[in-house]
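Line by line, the protein sequences give chains F and X. Quick note: the first sequence, position 113, residue 113 per full-length UniProt numbering, numbers continuous. Quick note: the second sequence, position 92, residue 92 per full-length UniProt numbering, numbers continuous. Reading through the structure tokens given below for one structure.
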Amino acid sequence: MTLSFAPVADPSAPLARRNPVAKAGAALLFSLPLIATMDPFTPAVALAVEMLVLPFFGVRLGVVARRAAPLLLAAVGVLITMVLFAADRGGELLVSLGPVDVTTGVLSTAGALVLRIFAVALPGIVVFATTDPTDLADALVQNAKAPARFAIGALAAFRLVPLLGDEWRSLSLARRARGVDAGRNPVATVRLFASTAFALLVGALRRGVRLAVAMDARGFDSGTPRTYARRQHFTPADTALLVLSLLAALLILAASMALGFFHPVV
Amino acid sequence: MSDVQLRDFGWRHAGRRAWAVRGLDLEVRHGERVLLLGPSGAGKSTLLAALAGLLPSDSGESEGTIRIDGLDPRKARERVGILFQDPQTQIVMARSGDDVAFGPENRGVPAGEIWPRVSDVLDRVGFPYSINRPTAALSGGEAQRLALAGVLALRPGLLLLDEPTANLDPPGAALIRDAVARATGPETTLIIVEHRVAEALPLVDRVVVLEPGGGVRADGTPELIFAAYGDKLADEGVWVPGFPAAPLKATSKATPDLVRATRAEVSGRLGPVTIEAGGGEVLAVTGPNGAGKSTLALLLGGLLAPTSGRVEAFGDKRPPHRWRAATLAGRIGSVFQNPEHQFVTSRVVDELALGPRRLGRSPADVERIVGELLERLRLTHLAEANPYTLSGGEARRLSVATALATAPRLLVLDEPTFGQDRRTWRELVDLLAGLRDDGHGIIAVTHDDAFVRTLADRTVPLGAPEPDPLPRRTRP
Numbered sequence: 001m002t003l004s005f006a007p008v009a010d011p012s013a014p015l016a017r018r019n020p021v022a023k024a025g026a027a028l029l030f031s032l033p034l035i036a037t038m039d040p041f042t043p044a045v046a047l048a049v050e051m052l053v054l055p056f057f058g059v060r061l062g063v064v065a066r067r068a069a070p071l072l073l074a075a076v077g078v079l080i081t082m083v084l085f086a087a088d089r090g091g092e093l094l095v096s097l098g099p100v101d102v103t104t105g106v107l108s109t110a111g112a113l114v115l116r117i118f119a120v121a122l123p124g125i126v127v128f129a130t131t132d133p134t135d136l137a138d139a140l141v142q143n144a145k146a147p148a149r150f151a152i153g154a155l156a157a158f159r160l161v162p163l164l165g166d167e168w169r170s171l172s173l174a175r176r177a178r179g180v181d182a183g184r185n186p187v188a189t190v191r192l193f194a195s196t197a198f199a200l201l202v203g204a205l206r207r208g209v210r211l212a213v214a215m216d217a218r219g220f221d222s223g224t225p226r227t228y229a230r231r232q233h234f235t236p237a238d239t240a241l242l243v244l245s246l247l248a249a250l251l252i253l254a255a256s257m258a259l260g261f262f263h264p265v266v
Numbered sequence: 001m002s003d004v005q006l007r008d009f010g011w012r013h014a015g016r017r018a019w020a021v022r023g024l025d026l027e028v029r030h031g032e033r034v035l036l037l038g039p040s041g042a043g044k045s046t047l048l049a050a051l052a053g054l055l056p057s058d059s060g061e062s063e064g065t066i067r068i069d070g071l072d073p074r075k076a077r078e079r080v081g082i083l084f085q086d087p088q089t090q091i092v093m094a095r096s097g098d099d100v101a102f103g104p105e106n107r108g109v110p111a112g113e114i115w116p117r118v119s120d121v122l123d124r125v126g127f128p129y130s131i132n133r134p135t136a137a138l139s140g141g142e143a144q145r146l147a148l149a150g151v152l153a154l155r156p157g158l159l160l161l162d163e164p165t166a167n168l169d170p171p172g173a174a175l176i177r178d179a180v181a182r183a184t185g186p187e188t189t190l191i192i193v194e195h196r197v198a199e200a201l202p203l204v205d206r207v208v209v210l211e212p213g214g215g216v217r218a219d220g221t222p223e224l225i226f227a228a229y230g231d232k233l234a235d236e237g238v239w240v241p242g243f244p245a246a247p248l249k250a251t252s253k254a255t256p257d258l259v260r261a262t263r264a265e266v267s268g269r270l271g272p273v274t275i276e277a278g279g280g281e282v283l284a285v286t287g288p289n290g291a292g293k294s295t296l297a298l299l300l301g302g303l304l305a306p307t308s309g310r311v312e313a314f315g316d317k318r319p320p321h322r323w324r325a326a327t328l329a330g331r332i333g334s335v336f337q338n339p340e341h342q343f344v345t346s347r348v349v350d351e352l353a354l355g356p357r358r359l360g361r362s363p364a365d366v367e368r369i370v371g372e373l374l375e376r377l378r379l380t381h382l383a384e385a386n387p388y389t390l391s392g393g394e395a396r397r398l399s400v401a402t403a404l405a406t407a408p409r410l411l412v413l414d415e416p417t418f419g420q421d422r423r424t425w426r427e428l429v430d431l432l433a434g435l436r437d438d439g440h441g442i443i444a445v446t447h448d449d450a451f452v453r454t455l456a457d458r459t460v461p462l463g464a465p466e467p468d469p470l471p472r473r474t475r476p
């Protein structure tokens, strides 16, 4: 097993303690309205607000930075694409790279997009870093009335995910032991990857089927209304978190309109 | 308390020509403890699935009747609990207590009663940790104990155990045996399928032997059954106590080293080990779980680089993990613990032809090698089958055959006899003894005492500071 169970957040932090559904809902309510605008000001303010709230989740900046690291790839991708293909080449000319003119207009559009990526993704990252998957599934069933068959089933499947890493390693080693390697041939590399992935998939399906049978044998499909060994409570504080998140997002949008930064997507 | 009544019961899985079970008349009364035996393919697991109500009526064809307390098993699900082989695919939740609570939640047990029930049942199976113990941190035997607790938390009147120790090492198997003995009282009817009879014998008072063609061959107390049918059952692959295998030790001296590891170490997985193995000997590597036995097998098989120390083989200046895969396969054959990890193609013949083709053998040679191996490992009738559809014993034979196809001088096997019935076990041992006598070197990582006693010329216990002295070896 490669999954680490070390807590990444202080569970007693005032916002980390909130109901998982409330946290996830708050993240959505805060970040979705931000998508309405294309300007750099709005996501920048949102990011600042997110940073201010971070301590109340009891999660360290380093942890968030590590989990957000894959976003850098997306950011670089956006930057390159915009510099090469942006239609709007307004503003001052900064550098001319052959046929590509890099202007202030291009950079500000690209910068806005990059900021948007981070501003929208960060709340989700923080919520999942501070939420136990079991608590989330419980809250989804108990507070959001999600079907238990879906939420608990997904939770059980999620538990098998770390096994895939180990399995991939042994499948790759077994292929080498069988005399199969790709050498420097890129076509062979792709084929080897595909065949290993297929074997991984077959193994995962078989394990999934066995787990499903074992779960049904313990009454998962009994049709009896489930009881809850672990109660998740949705308190007024959780409602307040939802309302405040939406309000904060709307305030930021209002400010950006008032200051003339607002630039609707359509 | 539940009783079971089968009248001329039969079941055929959809799409199969043969009946998995047929013509079965059997009665098991309240509180009886039954060991269900029979050669592989006699339909034991199908019967348990039918009793557990896990065969939906549209998944096959049934005949006769099957009743639990007079009810169809699909309607008697609340009275029946079933424990499967693999703990990994039975644990649902991330925390141990939550996992035990999963069943009671499903059955609508009032929340206030769940936690007392959970701690009671964890005590009964002897679970040594708190309810917050992450299930990912449990050993195989501990996880299987937890899975048993999860089944018992539903208070089944009929408890079905489907080879509950087949995936466990001997200490893990002992944990489960004790847990079943401690946790099930006279009020539970028990039916166990287990081909390692010695594991199950202390738990049962009745043995039922199924006939592969259908029906019951024998039924009675363990003493009577084994006196009358012991040798036949042993021939058919059942691990009947009192039929030890005759030792097969090397008759000639080992040749110089094929592989040698010098203070080789893999950080976090294997402490520094110095070990060598030559042709014409079987070297058994034993030791407790976590001692790094499988890691050592990977090191010696050229599949893993040591973090420090050296591994040398076949007089090559380059260490085995730097060899091209085709070179490696021609020199060292590795057989993994899970045969399915090893299969690359979708037909048994292609699987066998793969290695020789990668080594550039001519089509005629490939055909000859494949034909010989199919014959030798009794796989000819399965030549066109998909490797993933083979039974456990067949898959094991194929995985060994694939390693042999490139005619490597050294064979490294990880738990080759794990979970095998006595017949496959015997075939493997004979095959490996033959290879050894032809001058091949064989390294086997194993928990299997019978395998070590029967075949090993030398044993290296891992976790101990120094290997055994080498009385039977001569240095050139």
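Heads up, the beta-carbon is just placed ideally off N, CA and C, and yes, glycines get one too. Just so we're clear, the structure is a prediction, and the values are computed from it rather than from any experiment.
Q. Given F/V265, which residues of its chain have a CB within under 8 Å of its CB, disregarding the five upstream and five downstream residues?
A. Taking the first sequence and counting its residues from 1, one reaches residue 265 of chain F at position 265. Here the set comprises I35, A36, T37 and M38.
Q: Alpha carbon to alpha carbon, how far is F/R175 from X/G330? Give it in angstroms, no decimals.
A: The residue given as residue 330 of chain X occupies position 330 in the second sequence. The residue given as residue 175 of chain F occupies position 175 in the first sequence. Near 14 Å, if we compare the C-alpha coordinates of F/R175 and X/G330.
Q. Could you give the uninterrupted runs of the beta strand (DSSP E) lying entirely in the segment 250–333 of chain X, keeping only those of 3 residues or more?
A. 257–266, 270–278, 281–286 and 308–313
**Q.** Straight-line Cα distance separating X/V121 from X/T135
**A.** Position 135 of the second sequence holds residue 135 of chain X. Position 121 of the second sequence holds residue 121 of chain X. So the two alpha carbons sit approximately 16 Å from each other.
Q.
Cβ closer than 7 Å: which chain X residues qualify as neighbours of F/D181?
A. Indexing the first sequence from 1 puts residue 181 of chain F at position 181. Within 7 Å Cβ-Cβ: R324 and A325.
Q) What are the uninterrupted segments assigned as beta strand (DSSP E) that are 3 or more residues long and contained completely in the segment 151–189 of chain X, given in chain order? A) 158–162
Q.
Does the contact criterion of 3 or more C-beta pairs under 8 Å hold for the segment 299–312 of chain X versus the segment 348–365 of chain X?
A. no
Q) Based on Cα-Cα distance, which residue from F/P99, F/G77 and F/A86 lies nearest to F/G105? A) Taking the first residue of the first sequence as 1, we reach residue 105 of chain F at position 105. That would be F/A86, whose Cα lies nearest to the Cα of F/G105.
Q.
If I measure Cβ to Cβ from X/A291 and keep anything under 7 Å in the same chain, skipping five residues before and after, which residues do I get?
A. Here residue 291 of chain X is taken as the residue at index 291 of the second sequence, counted from 1. Excluding positions up to five away in sequence, the list reads L462 and G463.
Q. Which of helix, strand or coil does DSSP assign to F/G165?
A. Position 165 of the first sequence holds residue 165 of chain F. Note: F/G165 maps to helix in three-state DSSP.
Q) Roughly how far, in whole angstroms, is the beta-carbon of F/I252 from the beta-carbon of F/A46, given that I think they are within contact range, below 8 Å? A) For this step, residue 252 of chain F is matched to residue 252 along the first sequence. For this step, residue 46 of chain F is matched to residue 46 along the first sequence. So it is a contact: roughly 6 Å between Cβ atoms.
(Q) Quick check on X/V370: does DSSP put it in helix, strand or coil? (A) By one-based count along the second sequence, residue 370 of chain X stands at place 370. Correct three-state label for X/V370: helix.
Q: Count the other C-beta atoms from every protein chain shown that fall within 10 angstroms of the C-beta of F/L93, then say buried if there are 16 or more, exposed otherwise.
A: As a position in the first sequence, residue 93 of chain F is number 93, starting the count at 1. It counts as exposed.
Q) Can you give, in chain order, each stretch of the beta strand (DSSP E) that sits fully within the segment 5–35 of chain X and has at least 3 residues? A) 21–28
Q. Expressed to the nearest angstrom, what Euclidean distance is found between the alpha-carbon atoms of F/V53 and F/V76?
A. Numbered from 1 along the first sequence, position 53 holds the residue referred to as residue 53 of chain F. Numbered from 1 along the first sequence, position 76 holds the residue referred to as residue 76 of chain F. Approximately 27 Å between the Cα atoms of the pair.
**Q.** Neighbourhood of X/A14 by C-beta, 6 Å cutoff - its chain only, sequence neighbours within 5 removed
**A.** Residue numbering aside, residue 14 of chain X sits at position 14 when the second sequence is read from its first letter. S59 and G60, listed in sequence order.
Q) Among X/V348, X/A325 and X/T424, which residue has its Cα nearest to the Cα of residue 271 of chain F? A) The first residue shown for chain F is 1 and the last is 266, placing residue 271 of chain F beyond what the model contains.
Q | Counterpart residues of X/I192 in DSSP-defined beta bridges | A | For the purposes of this step, residue 192 of chain X is taken as the residue at position 192 of the second sequence. Answer is X/L35 and X/L161, bridged to X/I192.
Q) Given a threshold of 16 other Cβ atoms within 10 Å of its Cβ, counted over all protein chains shown, does F/L205 qualify as buried or as exposed? A) Taking the first sequence and counting its residues from 1, one reaches residue 205 of chain F at position 205. The residue is exposed, with fewer than 16 neighbouring Cβ atoms inside 10 Å.
(Q) At 4 residues or longer, what runs of the alpha helix (DSSP H) sit wholly inside the segment 79–163 of chain F? (A) 104–129 and 133–142
Q: Determine the extent of the alpha helix (DSSP H) in which X/E63 is found, giving its start and end residues.
A: Here residue 63 of chain X is taken as the residue at index 63 of the second sequence, counted from 1. Where X/E63 is concerned, there is no enclosing alpha helix (DSSP H), although the beta strand (DSSP E) it sits in stretches over G60 to I68.
Q. Helix, strand or coil: how does DSSP classify X/I131 here?
A. By 1-based counting over the second sequence, the position of residue 131 of chain X is 131. Coil at X/I131, not helix or strand.
Q.
With a threshold of 6 Å on Cβ separation, who are the neighbours of X/G103 within its own chain once the five nearest residues in sequence on each side are excluded?
A. Translated into positions along the second sequence, residue 103 of chain X becomes position 103. Hits under 6 Å: G150, A153 and L154.
**Q.** Span of the beta strand (DSSP E), counted from its first residue to its last, around X/T406
**A.** As a first step, residue 406 of chain X is located in the second sequence; it is residue number 406 there, counting from the start. Unbroken run through X/T406: none, as it is neither H nor E.
Q: Check the Cβ of F/V202 against every Cβ in chain X and list those closer than 7 Å, keeping chain order.
A: Counting from one through the first sequence, the residue named residue 202 of chain F turns up at place 202. Residues of chain X passing the Cβ test: Y388.
Q) Got a sec? Which residues, its chain only, sit under 8 Å from X/R397 by beta carbon, not counting five neighbours each side? A) Along the second sequence, read from residue 1 onward, the residue named residue 397 of chain X stands at position 397. These residues qualify, in order along the chain: L377, R378, L379, T424, E427 and L428.
Q) In terms of residue numbering, what span does the beta strand (DSSP E) encompassing X/R206 cover? A) On the second sequence, residue 206 of chain X is found 206 positions in, with the first residue counted as 1. Unbroken beta strand (DSSP E) run through X/R206: R206 to L210.
Q) Can at least three beta-carbon pairs, one atom from the segment 113–128 of chain X and one from the segment 171–184 of chain X, be found at a separation below 8 Å? A) yes
Q: Would you check if the segment 48–56 of chain X and the segment 124–142 of chain F touch, i.e. whether three or more CB-CB distances between them fall below 8 Å?
A: no
Q. Does the Cβ-Cβ distance between X/T165 and X/E194 come in under 8 Å?
A. The residue labelled residue 165 of chain X in the question sits at position 165 within the second sequence. The residue labelled residue 194 of chain X in the question sits at position 194 within the second sequence. Cβ atoms of X/T165 and X/E194: closer than 8 Å.
Q. Assuming X/T459 contacts X/A245 under a Cβ cut-off of 8 Å, what Cβ separation, rounded to an integer in Å, is found between them?
A. Mapped onto the second sequence, residue 459 of chain X falls at position 459. Mapped onto the second sequence, residue 245 of chain X falls at position 245. With a Cβ gap of about 17 Å, X/T459 and X/A245 do not count as contacting.
Q.
Can you confirm whether the segment 86–93 of chain X touches the segment 19–35 of chain X when touching is taken to mean that 3 or more C-beta pairs between the two stretches lie within less than 8 Å?
A. no
**Q.** For X/P212 and X/L352, the rounded distance between their alpha carbons
**A.** As a working note, residue 352 of chain X is residue 352 in the second sequence. As a working note, residue 212 of chain X is residue 212 in the second sequence. If you take the alpha carbons of X/L352 and X/P212, they lie about 30 Å apart.
(Q) Residues in the same chain with beta-carbon distance under 6 Å from X/G441, minus the five sequence neighbours each way, listed in chain order, please. (A) Taking the second sequence and counting its residues from 1, one reaches residue 441 of chain X at position 441. These residues qualify, in order along the chain: L258, A277, G278, G279 and L410.
Q. Going by other Cβ atoms of all chains shown within 10 Å of its Cβ, with 16 needed for buried, is F/A199 buried or exposed?
A. By 1-based counting over the first sequence, the position of residue 199 of chain F is 199. Buried is the call here.
Q. Closer than 8 Å, CB to CB, is X/P320 near chain F or not?
A. Sequence index remark: in the second sequence, residue 320 of chain X carries index 320 (1-based). It does not: the Cβ of X/P320 has no partner Cβ on chain F nearer than 8 Å.
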